[in-house]
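Accompanying notes for the structure given below.
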Amino acid sequence: MALQKFPLMGLLMLLTIVVSPATADGPVCPPSTKLSRASFPEGFLFGTATAAYQVEGAVNETCRGPALWDIYCKRYPEKCKNDNGDVAVDFFHRYKEDIQLMKNLNTDAFRLSIAWTRIFPHGRKEKGVSQAGVQFYHDVIDELLRNGIVPFVTVFHWDTPQDLEDEYGGFLSERIVEALSEAMQAQVVSPECSTALYLQAACLLKLGMEAKAKEALQQGSALEAV
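Heads up: the sequence shown is residues -24 to -1, 1 to 202, going by mature numbering (1 follows the signal peptide of the UniProt record, and there is no 0).
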């Protein structure tokens, strides 16, 4: 009688019976186990990760030069959902707040990337170093350490300096190997050997494969530099 008055209730009860993960022999799914830090090996690090262009913003501060993505997103806004990294989440100005959030989450580590053009605005040391850019990353790393968070640094996260793109095509030239090795000498190797075929929105597949070969050279040269 109640089901006649409330047909929706009857339908919900029927669906509950149909989708119930049980058989005559018992539940199909095993009992869930609660995950905790104890479920992982000793020394396992829980962390968060970002990339400079995705979060920093402040593209005109510390003498930062334009990177490939700055130009690409403004030249082809429809391919970037009419968005860009000019402000992003403003990590440049709010990193202390963000690091406090990491601490509140009880994380152990933070992977960040260093914007190549925030250190070398024109892509090469010989063309000038931004001391303000260097200081920014010093400050971020010091703040992480003060909060008991281990920094992991990605030096190259697909943000090739636009000056090097214009000068010789970036990763389409072997000259990029020396430039990136120079940028990495006091830093660490990029964790993922992939340029995603190097922005195929701008390059043909053949050029993308050539770029992959250049990056393989860069990785080897960077390891020697570190």
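By construction, the Cβ of each residue, glycine as well, lies at the ideal position given by its N, Cα and C atoms. Bear in mind the structure is a predicted one, so any value in this text is a computation, not a measurement.
Item to check | Contact under 8 Å by Cβ, GLY41 with HIS114 | outcome: Reading the sequence shown from its first residue, position 65 is the one you call residue 41. Reading the sequence shown from its first residue, position 138 is the one you call residue 114. Cβ atoms of GLY41 and HIS114: not closer than 8 Å.
Item to check | Nearest residue (CA-CA) to PRO137, options ASN82, ILE125, GLU54, ARG94 | outcome: On the sequence shown, position 161 is the one that residue 137 refers to. In terms of CA proximity to PRO137, ARG94 leads the group ASN82, ILE125, GLU54, ARG94.
Checklist entry - Helix, strand or coil: which one does DSSP assign to residue 236? => result A question about residue 236 goes unanswered here, because the residues of the chain that appear run from -24 up to 202.
Item to check | Contacting residues, own chain, Cβ-Cβ under 7 Å from LEU21 (five flanking each side not counted) | outcome: Indexing the sequence shown from 1 puts residue 21 at position 45. For LEU21, where only same-chain residues beyond five positions count, the Cβ hits under 7 Å are ASP84, ALA85, VAL126.
Checklist entry - Below 8 Å between beta carbons: does that hold for SER89 and HIS133? => result Mapped onto the sequence shown, residue 89 falls at position 113. Mapped onto the sequence shown, residue 133 falls at position 157. Cβ atoms of SER89 and HIS133: closer than 8 Å.
Next on the checklist: Taking the beta carbon of TYR52 as the centre, do at least 16 other beta carbons fall within 10 Å, making it buried, or is it exposed?
Outcome noted: As a first step, residue 52 must be located in the sequence shown, where it is residue number 76. Classification for TYR52: exposed.
Checklist entry - Comparing alpha-carbon positions, which option in VAL131, LEU77, LYS50, ASP59 lies nearest ASN123? => result For the purposes of this step, residue 123 is taken as residue 147 along the sequence shown, with counting starting at 1. It is LEU77 whose Cα lies nearest to the Cα of ASN123.
Next on the checklist: For a minimum of 4 consecutive residues, which ranges assigned as the alpha helix (DSSP H) are wholly contained in the segment 9 to 71?
Outcome noted: Qualifying alpha helix (DSSP H) stretches, in chain order: 28 to 31, 44 to 51.
Next on the checklist: I need the boundaries of the beta strand (DSSP E) containing SER106, first residue and last residue.
Outcome noted: Stepping through the sequence shown from its first residue, residue 106 is reached at position 130. For SER106, there is no enclosing beta strand (DSSP E), since its DSSP letter is neither H nor E.
Next on the checklist: For THR38 and LYS101, I'd like the C-alpha separation in whole angstroms.
Outcome noted: Translated into positions along the sequence shown, residue 38 becomes position 62. Translated into positions along the sequence shown, residue 101 becomes position 125. Rounded to the nearest angstrom, the gap between the Cα atoms of THR38 and LYS101 is 15 Å.
Checklist entry - What three-state label does DSSP hand ARG151 in the structure shown? => result Within the sequence shown, numbered from 1, the residue matching residue 151 stands at position 175. The answer is helix: DSSP assigns ARG151 an H, G or I state.
Next on the checklist: At the 8 Å Cβ level, is PHE67 part of the contact set with chain C, yes or no?
Outcome noted: In the displayed structure, chain C is absent; only one protein chain is listed.
Item to check | Residues bridged to ARG94 [DSSP beta-bridge criterion] | outcome: Indexing the sequence shown from 1 puts residue 94 at position 118. The partner list for ARG94 (beta bridge, DSSP) is empty, contrary to what the question assumes.
Checklist entry - Is DSSP giving LEU88 helix, strand or coil here? => result Translated into the one-based positions of the sequence shown, residue 88 becomes position 112. Reduced to three states, the DSSP call for LEU88 is strand.
Item to check | Buried/exposed call for ASP118, threshold 16 Cβ in 10 Å | outcome: Residue mapping note: residue 118 aligns to position 142 of the sequence shown, counting from 1. Counting the other CB atoms within 10 Å of its CB gives ASP118 a total below 16, which places it among the exposed residues.
Checklist entry - How is the alpha helix (DSSP H) around LEU140 delimited, first residue to last? => result Reading the sequence shown from its first residue, position 164 is the one you call residue 140. Its alpha helix (DSSP H) spans residues 138 to 144.
Item to check | Alpha-carbon to alpha-carbon, VAL153 and LYS182 | outcome: In the sequence shown, residue 182 corresponds to position 206, counting from 1. In the sequence shown, residue 153 corresponds to position 177, counting from 1. Low local confidence applies: a pLDDT of 42 at LYS182 is under 50, so the model's placement there is unreliable, with the coordinate-based value given in what follows. Here the C-alpha atom of LYS182 lies approximately 19 Å from the C-alpha atom of VAL153.
Checklist entry - To which residues of the same chain is GLU54 closer than 8 Å at the C-beta, ignoring the five residues directly before and after it? => result Reading the sequence shown from its first residue, position 78 is the one you call residue 54. No residues qualify anywhere along the chain.
Next on the checklist: Distance check for ARG87 and GLU143, CA to CA, integer angstroms please.
Outcome noted: Residue 143 sits at position 167 when you count from the first residue of the sequence shown. Residue 87 sits at position 111 when you count from the first residue of the sequence shown. The alpha-carbon of GLU143 is positioned some 31 Å away from that of ARG87.
Item to check | Cβ neighbours of LEU81 in the same chain (closer than 8 Å, five flanking residues each side left out) | outcome: Taking the first residue of the sequence shown as 1, we reach residue 81 at position 105. Within the same chain, THR24 come within 8 Å of LEU81 by CB-CB distance, once the 5 residues on both sides are set aside.
Next on the checklist: Using 8 Å for Cβ pairs, my map puts VAL31 next to ASP62. What's the rounded Cβ distance?
Outcome noted: Sequence index remark: in the sequence shown, residue 31 carries index 55 (1-based). Sequence index remark: in the sequence shown, residue 62 carries index 86 (1-based). Wrong, their Cβ atoms sit about 12 Å apart, outside the cutoff.
Item to check | ASP59 beta carbon less than 8 Å from that of PHE67 | outcome: Along the sequence shown, one-based indexing puts residue 67 at 91. Along the sequence shown, one-based indexing puts residue 59 at 83. The Cβ-Cβ distance between PHE67 and ASP59 does not fall below 8 Å.
Checklist entry - Given VAL65, which residues of its chain have a CB within under 6 Å of its CB, disregarding the five upstream and five downstream residues? => result Locating residue 65 in the sequence shown gives position 89, counting from the first residue. Closer than 6 Å at Cβ, skipping near neighbours: VAL31.
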